[in-house]
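Residue numbers (the UniProt record's numbering), protein chains in the order written: chain D, 1 to 332; chain Z, 1 to 332. Think of the CB as a built atom: it goes at the ideal place given N, C-alpha and C, for glycine as much as any other residue. Since the model is a prediction, treat every value here as computed from it, not as a measurement. Report on the following structure.
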DNA sequence: GTGAAAGCGCTAACAA
DNA sequence: TTGTTAGCGCTTTCAC
């Protein structure tokens, strides 16, 4: 029914090996033979079976991608970066959402290894000990994208979260603020808790400002919770906000304006993401640029090096960040 | 090196067939045998090779998903709907971006069929004749998600684009508007050109309002172009805007406000998407609810029916839409 | 309830 | 330059 390499070989009066060579662009085929085979392939509508090929060659040209949630624009951006580079290197992608659920992550890893992917790009706020153990034991290479593994056992691509947060808070401090609120994502996330929050504290300490726990509000990264956070903070009267992502920043802006305050005159806001939303907000958001697309792309590129057994010059890649100044802060 | 079904069989003193039965939860295994096999599987850390399984069984439990661009929130939402249902039915997803490029679409189809996916969910603004031909010839089932094939040859899941647009425009007409601008996405898209635009024209005609071509501005679905469109339209002074998606609607709102006009008092706006953004806009957007997640989920569900040779009661599924009234229109 | 054996469609030595 | 021949690791009859 379906036409196989054997059918082509028979019709072209050559061996399967020759057909295989033609299909795989092996140079050791006489042009005339190649042409003849190609003609038969065309006539029969032969399409190589990648599953059989994968079994024989032990390569599937497929990589697994495990991310929290593709419907979240940050992860979607990351995924696009991964996919573009994957396509460039002729890999396909098996994409799965983990919802940051450890069991799901573990199971997804297992499934993908079972499917014999050639490599895996993984993203999660927390890499549990068990997950780490499984990753280290994995027969196929894994790269962490925008995810921290403090043991540095697994390759990863990140930005300097601490430095970025420090610089953002310092900018607020330099603008004269004393009461700087921090609307932060879940503290279960390593990056939030160990990097951003620490940077916030140290930037304040370095400026001689006392740390006030009341100024920290943990949110689930959503617009609604950010709005609520601002309402909760009203009694404290913060004059500046450092906010963990663009969606929450828009919530902050709206809530602050509801209080009758003007941005940036009365209150300044710095976001941390710099997605398309940052320019769609009014006022437009000053934001730490968190290059998700690039992190995805570089992660995938790094993975290709592992898959090809290329030399790895740097296992823990740190990409540059910058602060994009727009209208939600007073700039020079 | 890697442990195979054969190793397990040897260690457990049973045949490969028995191990296979255990792994596949076949009931024809004595409990004692099952237990023994399971123990060996555990000890050896055996993980079934899905590629070998796929070759032998001719099923990969993988479906292909071809969408324009995962970094666009509409398609990301769709993808999440697809993935959730796929997971429910134990399928994995190979996700690829086509950027609506016909050659890429053709080539992706080919690649996925080569990878022996069990089914494909496809989305694109235009399904060319050649693409259609390939789809009809495809040995594996294909479902179109949010995409029109007027020949109805391929299964599909959509909403009533015409009805939704008609109702939106009628609402504007009923609110007394005569100069209703239509900020529409690319007219290369079937849905825009053959459904939405037609609905717009007929809703006006039915209200006895002359069609004015100048009120139609074709955009690339982006915030920036929508803003420009409003500026271009300034001389015509539209009093209402029907806009093809939320991002553009926000552009329209900002541009209208720059003209010193108030929404909805001076100008009304109806969007067409109803994403998270609709609630994050100020004023919040009245919008036709285009249920992308559901379209993805239903498409995938429909695909499972084809893959299982279940009875298909409806090949062309039409999902309900509704209009979500918020602040960008005057409501009763 | 269990086993033997024939493939699934291809790649990759190794020969020729 | 081309062909022969083992597998790759599993499922699936068909016997027993």
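- [ ] Run the CB neighbour count on residue 312 of chain Z, radius 10 Å, all protein chains shown included, and call it buried at 16 or more, exposed below.
- [x] If you number the second chain from 1, residue 312 of chain Z lands on position 312. Its Cβ having fewer than 16 others within 10 Å, residue 312 of chain Z is exposed.
Task: Residue-level contact to chain D via CB, residue 80 of chain Z, 9 Å cutoff - done: As a first step, residue 80 of chain Z is located in the second chain; it is residue number 80 there, counting from the start. Output row for residue 80 of chain Z: interface = yes.
Task: the region 318–332 of chain Z / the region 285–292 of chain Z touching (three or more Cβ pairs under 8 Å) - done: yes
- [ ] At 7 Å on the CB atoms, spell out the chain D contacts of residue 60 of chain Z, in chain order.
- [x] To locate residue 60 of chain Z, count along the second chain from 1; it is residue 60. Here the neighbours are 51.
TODO: Report yes if the CB atom of residue 112 of chain D is closer than 9 Å to the CB atom of residue 185 of chain D, and no otherwise.
DONE: In the first chain, residue 112 of chain D corresponds to position 112, counting from 1. In the first chain, residue 185 of chain D corresponds to position 185, counting from 1. Result no, Cβ atoms of residue 112 of chain D and residue 185 of chain D do not sit closer than 9 Å.
Open item on the list: If you reduce the DSSP assignment to three classes, tell me which class residue 310 of chain Z lands in.
Closed with: Along the second chain, one-based indexing puts residue 310 of chain Z at 310. In the structure shown, residue 310 of chain Z sits in coil (DSSP, three-state: anything other than H, G, I, E or B).
TODO: Any chance you could list the beta strand (DSSP E) runs of at least 3 consecutive residues sitting entirely within the region 141–177 of chain Z, in chain order?
DONE: 142–145, 155–159
Open item on the list: Could you pull the DSSP bridge partners for residue 335 of chain Z from this structure?
Closed with: Any answer about residue 335 of chain Z is impossible in this case: the structure gives chain Z only from 1 up to 332.
Task: As assigned by DSSP and simplified to three states, the class of residue 15 of chain Z - done: What you label residue 15 of chain Z is simply residue 15 of the second chain in a count that begins at 1. Residue 15 of chain Z: coil per DSSP, three-state reduction.
Open item on the list: Please list the terminal residues of the continuous alpha helix (DSSP H) segment that includes residue 57 of chain D.
Closed with: To locate residue 57 of chain D, count along the first chain from 1; it is residue 57. Per DSSP, residue 57 of chain D belongs to the alpha helix (DSSP H) from 50–57.
- [ ] Kindly indicate which residue of Z:282, Z:38, Z:71, Z:62 has the alpha-carbon position closest to the one of residue 8 of chain Z.
- [x] As a working mapping, residue 8 of chain Z is identified with position 8 in the second chain. For the residues Z:282, Z:38, Z:71, Z:62, the minimum Cα distance to residue 8 of chain Z belongs to Z:38.
Task: Contact under 9 Å by Cβ, residue 183 of chain Z with residue 280 of chain Z - done: Here residue 183 of chain Z refers to the residue found at position 183 of the second chain. Here residue 280 of chain Z refers to the residue found at position 280 of the second chain. No, the pair does not count as a contact, with Cβ atoms beyond the cut-off.
Task: Expected contact under 8 Å - CB spacing of residue 242 of chain Z and residue 172 of chain Z to nearest Å - done: Along the second chain, read from residue 1 onward, the residue named residue 242 of chain Z stands at position 242. Along the second chain, read from residue 1 onward, the residue named residue 172 of chain Z stands at position 172. Indeed, because the Cβ distance is near 6 Å, the residues count as touching under 8 Å.
Open item on the list: For a contact defined as C-beta to C-beta under 8 Å, what are the partners of residue 120 of chain D on chain Z?
Closed with: Translated into positions along the first chain, residue 120 of chain D becomes position 120. Within chain Z, no residue comes near residue 120 of chain D; the closest Cβ sits about 13 Å away, beyond 8 Å.
Open item on the list: Could you check whether the Cβ of residue 146 of chain Z sits closer than 9 Å to any Cβ belonging to chain D?
Closed with: Residue mapping note: residue 146 of chain Z aligns to position 146 of the second chain, counting from 1. Judged by the 9 Å Cβ criterion, residue 146 of chain Z is not in contact with chain D.
- [ ] Would you mind stating whether residue 181 of chain D and residue 240 of chain D have Cβ atoms separated by less than 9 Å?
- [x] Translated into the one-based positions of the first chain, residue 181 of chain D becomes position 181. Translated into the one-based positions of the first chain, residue 240 of chain D becomes position 240. A contact, by the Cβ cut-off of 9 Å.
Open item on the list: Please report the distance separating the alpha-carbon of residue 246 of chain D from that of residue 117 of chain D.
Closed with: Here residue 246 of chain D refers to the residue found at position 246 of the first chain. Here residue 117 of chain D refers to the residue found at position 117 of the first chain. About 34 Å.
Open item on the list: Using the Cβ count rule (16 or more neighbours within 10 Å means buried), how would you classify residue 282 of chain D?
Closed with: The count along the first chain starts at 1 and reaches residue 282 of chain D at position 282. Answer is buried; the Cβ neighbour count reaches 16.
Task: chain D within 9 Å of residue 85 of chain Z, Cβ atoms only - done: Position 85 of the second chain, counted from the first residue, corresponds to residue 85 of chain Z. Output row for residue 85 of chain Z: interface = no.
- [ ] Have a look at Z:148, Z:198, Z:237, Z:187 and flag the residue whose alpha-carbon is nearest the alpha-carbon of residue 316 of chain Z.
- [x] Within the second chain, numbered from 1, the residue matching residue 316 of chain Z stands at position 316. Cα-wise, what sits closest to residue 316 of chain Z is Z:148.
Open item on the list: Checking 9 Å against the spacing of the C-beta atoms, do residue 71 of chain D and residue 162 of chain Z come in under that value?
Closed with: As a working mapping, residue 71 of chain D is identified with position 71 in the first chain. As a working mapping, residue 162 of chain Z is identified with position 162 in the second chain. Not a contact, by the Cβ cut-off of 9 Å.
Task: Distance between residue 179 of chain D and residue 237 of chain D (C-alpha atoms, nearest Å) - done: Taking the first residue of the first chain as position 1, residue 237 of chain D is located at position 237. Taking the first residue of the first chain as position 1, residue 179 of chain D is located at position 179. Straight-line Cα distance between these residues: approximately 8 Å.
- [ ] Output yes if chain D places a C-beta closer than 9 Å to the C-beta of residue 76 of chain Z; else output no.
- [x] To locate residue 76 of chain Z, count along the second chain from 1; it is residue 76. It does; some Cβ of chain D falls within 9 Å.
Task: Stretch pair the region 248–257 of chain Z + the region 214–223 of chain Z: three plus CB contacts closer than 8 Å - done: yes
Open item on the list: In the DSSP assignment, the beta strand (DSSP E) including residue 271 of chain D goes from what residue to what residue?
Closed with: Here residue 271 of chain D is taken as the residue at index 271 of the first chain, counted from 1. Its beta strand (DSSP E) spans residues 268–273.
Open item on the list: Between residue 82 of chain D and residue 297 of chain D, how many whole angstroms is the CB-CB distance? I'm expecting something under 8 Å.
Closed with: Within the first chain, residue 82 of chain D is the residue found at index 82, counting from 1. Within the first chain, residue 297 of chain D is the residue found at index 297, counting from 1. Contact holds; Cβ gap of about 7 Å.
TODO: Label residue 227 of chain Z either buried or exposed according to how many other C-beta atoms from any shown protein chain fall within 10 Å of its C-beta, with 16 as the threshold for buried.
DONE: The sequence position of residue 227 of chain Z within the second chain is 227, counting from 1. Under this definition residue 227 of chain Z is a buried residue.
Open item on the list: Applying the 10 Å Cβ sphere with the 16-neighbour rule, what's the burial state of residue 115 of chain D?
Closed with: Start at 1 with the first residue of the first chain, and residue 115 of chain D comes out as number 115. Flag for residue 115 of chain D reads buried.
- [ ] Evaluate contact between the region 102–110 of chain D and the region 45–59 of chain D, counting only Cβ atoms and requiring at least three cross-stretch pairs below 8 Å.
- [x] no
Task: 8 Å Cβ cut-off: residues of chain D touching residue 223 of chain Z - done: Position 223 of the second chain, counted from the first residue, corresponds to residue 223 of chain Z. The contacting residues are 276, 279, 280.
Open item on the list: Using a Cβ-Cβ cutoff of less than 6 Å, which residues in the same chain neighbour residue 123 of chain D once the five nearest sequence positions on both sides are dropped?
Closed with: Within the first chain, residue 123 of chain D is the residue found at index 123, counting from 1. 67, 145, 146, 147, listed in sequence order.
- [ ] For residue 132 of chain Z, I'd like the list of residues in its chain whose CB is within less than 8 Å of its CB, leaving aside the five on either flank, ordered along the chain.
- [x] As a first step, residue 132 of chain Z is located in the second chain; it is residue number 132 there, counting from the start. Result list for residue 132 of chain Z: 149, 151, 153, 154, in chain order.
Open item on the list: Please identify the residue among D:14, D:159, D:166 whose C-alpha is closest to the C-alpha of residue 202 of chain D.
Closed with: Residue 202 of chain D sits at position 202 when you count from the first residue of the first chain. Nearest option by C-alpha distance: D:166.
Open item on the list: Using a Cβ-Cβ cutoff of 7 Å, what residues of the UniProt domain "HTH lacI-type" (3–57) of chain D are near chain Z? List them in chain order.
Closed with: 47, 48, 49, 50, 51, 52, 54, 55
Task: Cβ neighbours of residue 92 of chain Z in the same chain (closer than 8 Å, five flanking residues each side left out) - done: Residue numbering aside, residue 92 of chain Z sits at position 92 when the second chain is read from its first letter. The answer, listed in chain order, is 61, 62, 63, 86.
TODO: Output yes or no for whether 9 Å exceeds the beta carbon distance between residue 139 of chain Z and residue 2 of chain D.
DONE: Along the second chain, one-based indexing puts residue 139 of chain Z at 139. Along the first chain, one-based indexing puts residue 2 of chain D at 2. The answer is yes: Cβ separation under 9 Å.
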